[in-house]
């Protein structure tokens, strides 16, 4: 079995396919080819050395849901699946679930 192993501060993201990309209450509208791509991080490189010789880690983890720009990332097909490879600094944001105790209380 083969797997993608990113180097330095690169990440591998598997796109979340949907007619209308939606995660929680966020809808990613279709604004043409330059719209961001939502996906799940499936592999993360170890980090990189800065120009000053200091180690810079990666601030995402496997399993995180992220938004990536369409431009700047590399789209590949690997073993029949589509993936995006880019640098961690290209991530627009992470999408996180939040817990709302008041909303859960209203359901009781």
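Numbering (our numbering), first residue to last: 4 to 111. The beta-carbon is built from N, C-alpha and C at its ideal position, and this holds for glycine as well. Here the structure is a predicted model, which means the values were calculated and not measured.
If you measure between the beta carbons of residue i and residue j, is that distance less than 8 Å?
i	j	result
residue 45	residue 16	yes
residue 12	residue 48	yes
residue 9	residue 88	yes
residue 7	residue 58	no
By the 10 Å Cβ neighbour count, where 16 or more other Cβ atoms means buried, how is residue i classified, buried or exposed?
i	result
residue 100	exposed
residue 14	buried
Using alpha carbons as the reference points, say which of the options lies closest to residue i.
i	options	result
residue 65	43, 91, 55, 78	43
residue 41	86, 92, 61	86
residue 96	59, 72, 60	72
residue 60	50, 54, 79	50
In angstroms with no decimal places, state the Cα-to-Cα distance between residue i and residue j.
i	j	result
residue 94	residue 5	25 Å
residue 76	residue 54	22 Å
residue 67	residue 19	12 Å
residue 102	residue 52	36 Å
Tell me which residues share the same chain as residue i and place their Cβ nearer than 7 Å to its Cβ, disregarding the 5 neighbours each side in the sequence.
i	result
residue 62	91
I'd like the list of long-range same chain contacts for residue i, defined as Cβ closer than 8 Å, with 5 residues on each side in sequence excluded.
i	result
residue 84	17
Below 6 Å CB to CB, which residues in the same chain sit around residue i once its five sequence neighbours on both sides are set aside?
i	result
residue 78	87
So is the beta-carbon of residue i under 7 Å away from any non-hydrogen atom of the ligand NAP?
i	result
residue 53	No copy of the ligand NAP appears in this structure; indeed no ligand is present at all.
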